[in-house]
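In what follows, a structure is listed as structure tokens, so that the remarks can point back to it.
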Amino acid sequence: MNGFPPKTFFIAIAILLTLSACNNPKPLYRLDKLPLIPLPLSLENSEEVLEISSIHSIRMEGSDSNLSSMAQDLKIFWKKQTQQELLIQEGSTEKDRSISLEIKEDSSVKMGAYKLLIESHKIRIQAKTSEGIFRGIKTLEQIILLSNLHSKTTLLALAGGVIVDEPQYEYRGAMLDVARHFFSVETVKRYIDLLSSYKINFLHFHLSDDQGWRIEIKSWPKLTEIGGQTQVGGGEGGFYSQEDYQEIVKYASDRYITIVPEIDLPGHTNAALASYAELNCDGKATALYSGIEVGFSSLCVDKEITYEFVEDVIREISALSPGPYFHIGGDESLVTPQEDFNRFMDRTLAIVKKYNKIPMGWYELIGADIPEETLLQFWAKSEDFSKIIPKKSKLLISAASYTYLDMKYDSITPLGLHWAGYLPVKKAYDWDPQTLVPDLDSHQIIGLEAPLWTETIEDFYDIAYMAFPRIIGHAELGWTDASLRQWEDYANRLSFHGRLLEALDVKYYASDEIDWK
Ligand code: ACM
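In this note's numbering, each number is its position in the sequence shown, counted from 1, plus 5.
Next comes the structure, spelled out in structure tokens:
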């Protein structure tokens with residue numbers, strides 16, 4: 006023998022190599038092929054593969070008190086999806102096999118920006134703020150869920166790489182009308198959970214309208230004792246106690262969603278006018294209303310008690326709402342003469358400012374003397390909108406024919422209305438908030454919001470059917486840069502989300518525009 010290994014040695018090595026290659030679990034997706042929604046700003050693959058079983062802990066790095074509740078939630082999620090129990094630890098170390106949540110001073114400045122790194126023995130989520138960490142965790146959860154739901158075996162591995170991500174708009178909103186029909190705290194929480202998983206960060210709560218007053222006001226108790234007791238169709242209605250409302254605000258805030266309370270004024274106020282005779286110009290309470298007409302009610306603009314009422318309501322709700330905005334409605338006040346409307350709004354806007362909130366309102370507010378920081382919500386088709394909007398005002402785009410989730414998908418949709426046209430999934434996605442209204446200054450637009458009016462919507466099942474999947478497209482419009490958005494690519498990614506919604510027991514509208522996987 007000259008020291009050269011025999012042939013059997015090479016055969017043994019070859020068998021070992023083959024076996025070990027078979028034992029290395031393969032990820033289902035390359036990182037840049039993951040059907041994520043919203044699409045992140047950038048996704049870069051690496052050659053590394055992370056074996057799920059190699060992760061042993063969640064590590065919190067940075068002094069932010071919100072990290073530990075996020076770590077707890079992630080631990081529960083991980084156990085459910087991978088059957089593996091993780092420890093939660095504090096402080097930084099390079100060595101352990103962990104998911105590290107790292108608050109870092111030097112990351113991007115946009116609220117919600119984050120970086121997600123998947124390495125061979127570690128997952129890192131880095132951000133400047135706990136909000137960024139939360140958005141990064143939502144991306145990681147989506148990666149795990151999609152991989153689990155679409156792979157034939159148990160999830161064993163993830164492809165390595167880096168996601169760098171940040172939102173396009175600072176306001177990515179949804180609106181729920183709880184006045185036309187009332188929804189329980191549990192139903193609202195379920196909607197909030199789903200919204201947060203797609204990185205929506207504002208929920209505008211339409212708390213009062215002709216058909217119902219839905220929030221307890223301690224200084225005006227009949228608002229809910231009388232005005233909360235019906236809804237469209239004559240059902241029993243309901244209202245949130247101040248504790249219920251605070252529970253919702255907290256639940257949303259834990260998911261990085263800010264609640265925007267709306268009290269619609271001076272029109273859309275029949276529920277208040279039915280509760281207190283003195284708010285009416287003729288001193289007579291109106292009857293409760295359970296139809297779906299609009300534009301017939303108005304507070305009495307010339308009575309001082311009207312402003313006492315408005316101030317009490319704004320004061321009590323502002324004290325329960327940590328968010329920056331207070332929405333005072335202003336739409337369709339068709340029986341309030343314009344001059345009265347302007348006078349009423351001038352005083353109401355000053356009250357909102359007195360309680361340290363930024364006024365927000367439907368765009369009809371522009372007739373009044375609006376403070377510069379007022380956020381105007383554009384909803385209807387108006388050819389000359391850009392001409393009438395003050396150049397300094399901030400705008401939220403909620404164009405009815407693109408964002409109203411109560412518009413029917415098509416002529417046979419059993420729920421919804423169609424006064425702004427039908428709104429199929431492609432139409433709801435394939436537009437740009439920057440260019441929809443001609444001649445607007447792009448820096449005025451702070452985001453978009455998808456309202457769900459509920460004249461025909463009665464429970465979570467109905468909310469889910471009208472909101473999903475269209476709200477997912479809105480979430481991407483709000484988050485993902487317009488240059489990265491493209492309908493075919495989105496439709497393909499969305500096709501993987503049907504199973505994800507099913508796993509959450511969300512009965513979405515399975516539009517035939519999408520080739521559901
Ligand atoms: C609205 O749809 N009346 C704002």
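Each residue gets a CB set at the ideal place from its N, CA and C atoms; glycine is no exception. Small disclaimer: the values here were computed from a predicted structure and weren't measured.
At the level of alpha carbons, what is the spacing between residue 163 and residue 217? Walking along the sequence shown from the start, residue 163 turns up at place 158. Walking along the sequence shown from the start, residue 217 turns up at place 212. Roughly 50 Å between the two C-alpha positions.
Quick check on residue 61: does DSSP put it in helix, strand or coil? Numbered from 1 along the sequence shown, position 56 holds the residue referred to as residue 61. Residue 61 falls in the coil class under three-state DSSP.
Enclosing alpha helix (DSSP H) for residue 136 [first to last residue]: Locating residue 136 in the sequence shown gives position 131, counting from the first residue. The continuous alpha helix (DSSP H) containing residue 136 extends over residues 135 to 155.
May I ask you to list the residues that DSSP assigns as paired with residue 214? Position 209 of the sequence shown, counting from 1, holds the residue named residue 214. According to DSSP, which records beta bridges pairwise, residue 214 is partnered with 217.
Which ranges does the beta strand (DSSP E) cover as unbroken runs of at least 3 residues, wholly within the stretch 305 to 373, from first to last along the chain? Runs of the beta strand (DSSP E) inside the stretch 305 to 373: 330 to 334 and 363 to 367.
So what's residue 176 in DSSP terms, helix, strand or just coil? As a first step, residue 176 must be located in the sequence shown, where it is residue number 171. It is a strand residue.
If residue 420 and residue 462 are in contact, beta carbons under 8 Å, what's the gap, nearest whole angstrom? Start at 1 with the first residue of the sequence shown, and residue 420 comes out as number 415. Start at 1 with the first residue of the sequence shown, and residue 462 comes out as number 457. That belief holds up - the Cβ atoms of residue 420 and residue 462 are roughly 6 Å apart, short of 8 Å.
Can you check which of these residues, 250, 248 and 213, is closest to residue 232 by C-alpha distance? Within the sequence shown, residue 232 is the residue found at index 227, counting from 1. Closest option to residue 232, Cα to Cα, is 213.
Residue 453 (DSSP reduced to helix, strand or coil): Sequence index remark: in the sequence shown, residue 453 carries index 448 (1-based). Here residue 453 carries a strand assignment [DSSP, helix/strand/coil].
Inter-residue Cα distance where the pair is residue 521 and residue 31: Taking the sequence shown and counting its residues from 1, one reaches residue 521 at position 516. Taking the sequence shown and counting its residues from 1, one reaches residue 31 at position 26. When rounded, the separation of the alpha-carbon atoms in residue 521 and residue 31 is 24 Å.
Quick check on the burial criterion: 16 or more other C-beta atoms within 10 angstroms. Buried or exposed for residue 510? Numbered from 1 along the sequence shown, position 505 holds the residue referred to as residue 510. Exposed, because fewer than 16 other Cβ atoms sit within 10 Å of the Cβ of residue 510.
Could you check whether the Cβ of residue 3 sits closer than 7 Å to any heavy atom belonging to the ligand ACM? For the chain, the structure presents residues 6 to 522; residue 3 sits outside this window and is missing.
Once DSSP output is grouped into helix, strand and coil, what is the label at residue 426? Numbered from its first residue, the sequence shown carries residue 426 at position 421. If DSSP states are grouped into helix, strand and coil, residue 426 belongs with coil.
Cα-Cα, which of 278, 64, 90 and 33 is closest to residue 157? Position 152 of the sequence shown, counting from 1, holds the residue named residue 157. Of the candidates 278, 64, 90 and 33, the residue whose Cα lies closest to the Cα of residue 157 is 33.
Residue 61 versus residue 84: straight-line alpha-carbon distance, rounded: In the sequence shown, residue 61 corresponds to position 56, counting from 1. In the sequence shown, residue 84 corresponds to position 79, counting from 1. The alpha-carbon of residue 61 is positioned some 11 Å away from that of residue 84.
Am I right that residue 115 and residue 131 are in contact with their C-beta atoms under 8 Å? What's the rounded C-beta distance? Here residue 115 refers to the residue found at position 110 when the sequence shown is read from its first residue. Here residue 131 refers to the residue found at position 126 when the sequence shown is read from its first residue. Between residue 131 and residue 115 the Cβ distance is about 14 Å, and since that is not below 8 Å, they are no contact.
Comparing alpha-carbon positions, which option in 441, 45 and 74 lies nearest residue 118? Within the sequence shown, the letter at position 113 stands for residue 118. Among 441, 45 and 74, the Cα nearest to that of residue 118 belongs to 45.
Could you spell out the range, first to last residue, of the alpha helix (DSSP H) harbouring residue 499? For the purposes of this step, residue 499 is taken as the residue at position 494 of the sequence shown. Per DSSP, the continuous alpha helix (DSSP H) segment holding residue 499 begins and ends at 492 to 499.
I believe residue 254 touches residue 323 by the beta-carbon criterion, under 8 Å. Please report the beta-carbon distance rounded to the nearest angstrom. For the purposes of this step, residue 254 is taken as residue 249 along the sequence shown, with counting starting at 1. For the purposes of this step, residue 323 is taken as residue 318 along the sequence shown, with counting starting at 1. About 12 Å separates the two Cβ atoms, so there is no contact after all.
Cβ shell of residue 373 (< 6 Å), same chain only, five flanking positions each side left out: Along the sequence shown, one-based indexing puts residue 373 at 368. Non-local C-beta neighbours of residue 373 in its own chain, meaning closer than 6 Å and more than five positions away in sequence, comprise 347, 350 and 351, ordered along the chain.
Classify residue 543 as helix, strand or coil using the three-state DSSP reduction. Only positions 6 to 522 of the chain appear in this structure, which leaves residue 543 out of reach.
Residue closest to residue 230, alpha-carbon to alpha-carbon, out of 246, 238 and 237: Residue mapping note: residue 230 aligns to position 225 of the sequence shown, counting from 1. Distance from the Cα of residue 230 is smallest, within the candidate group 246, 238 and 237, for 246.
Counting pairs of beta carbons, one from the stretch 101 to 110 and one from the stretch 294 to 301, are three or more of them closer than 8 Å? With the cut-off at 8 Å, the stretch 101 to 110 and the stretch 294 to 301 do not touch.
For residue 50, the three-state DSSP class (helix, strand or coil): For the purposes of this step, residue 50 is taken as residue 45 along the sequence shown, with counting starting at 1. Look at residue 50 here: in three-state DSSP terms it is strand.
Under DSSP, the alpha helix (DSSP H) around residue 478 begins and ends at which residues? As a position in the sequence shown, residue 478 is number 473, starting the count at 1. From DSSP, the alpha helix (DSSP H) with residue 478 extends over 475 to 484.
Residue environment, residue 97, which counts as buried when at least 16 other CB atoms sit within 10 Å: Indexing the sequence shown from 1 puts residue 97 at position 92. Classification for residue 97: exposed.
Which residue's Cα is closest to the Cα of residue 141: 93, 75, 95 and 188? The residue labelled residue 141 in the question sits at position 136 within the sequence shown. The alpha carbon of residue 141 has as its nearest neighbour, out of 93, 75, 95 and 188, the alpha carbon of 75.
Let me know the secondary structure DSSP gives residue 201 once reduced to three states. By 1-based counting over the sequence shown, the position of residue 201 is 196. Residue state, collapsed to three classes: helix.
What are the boundary residues of the alpha helix (DSSP H) that residue 3 is part of? A query on residue 3 cannot be resolved here, the shown segment of the chain reaching from 6 to 522 and no further.
Assuming residue 483 and residue 173 are in contact, meaning their beta carbons sit under 8 Å apart, how far apart are those beta carbons, in whole angstroms? In the sequence shown, residue 483 corresponds to position 478, counting from 1. In the sequence shown, residue 173 corresponds to position 168, counting from 1. About 7 Å; that satisfies the 8 Å criterion.
Taking 8 Å as the threshold (C-beta atoms), are residue 404 and residue 441 in contact? Walking along the sequence shown from the start, residue 441 turns up at place 436. Walking along the sequence shown from the start, residue 404 turns up at place 399. Their beta carbons are under 8 Å apart, which means residue 441 touches residue 404 by this criterion.
Residue from 177, 517, 91 and 337 with nearest C-alpha to residue 479: For the purposes of this step, residue 479 is identified with residue 474 of the sequence shown, where counting begins at 1. Taking only the C-alpha atoms, the option nearest residue 479 is 177.
Distance, Cα to Cα, residue 249 vs residue 219? Along the sequence shown, one-based indexing puts residue 249 at 244. Along the sequence shown, one-based indexing puts residue 219 at 214. Approximately 11 Å, taken between the alpha carbons.
Would DSSP call residue 207 helix, strand or coil? In the sequence shown, the residue the question calls residue 207 occupies position 202. Note: residue 207 maps to strand in three-state DSSP.
Which partner residues of residue 166 appear in the DSSP bridge assignment? Taking the sequence shown and counting its residues from 1, the one referred to as residue 166 is at position 161. As computed with DSSP, residue 166 is found in a beta bridge with 50 and 123.
Exposure of residue 288, with buried meaning 16 or more beta-carbon neighbours within 10 Å: By 1-based counting over the sequence shown, the position of residue 288 is 283. A residue is called buried once 16 or more other Cβ atoms fall within 10 Å of its Cβ, and residue 288, having fewer, is exposed.
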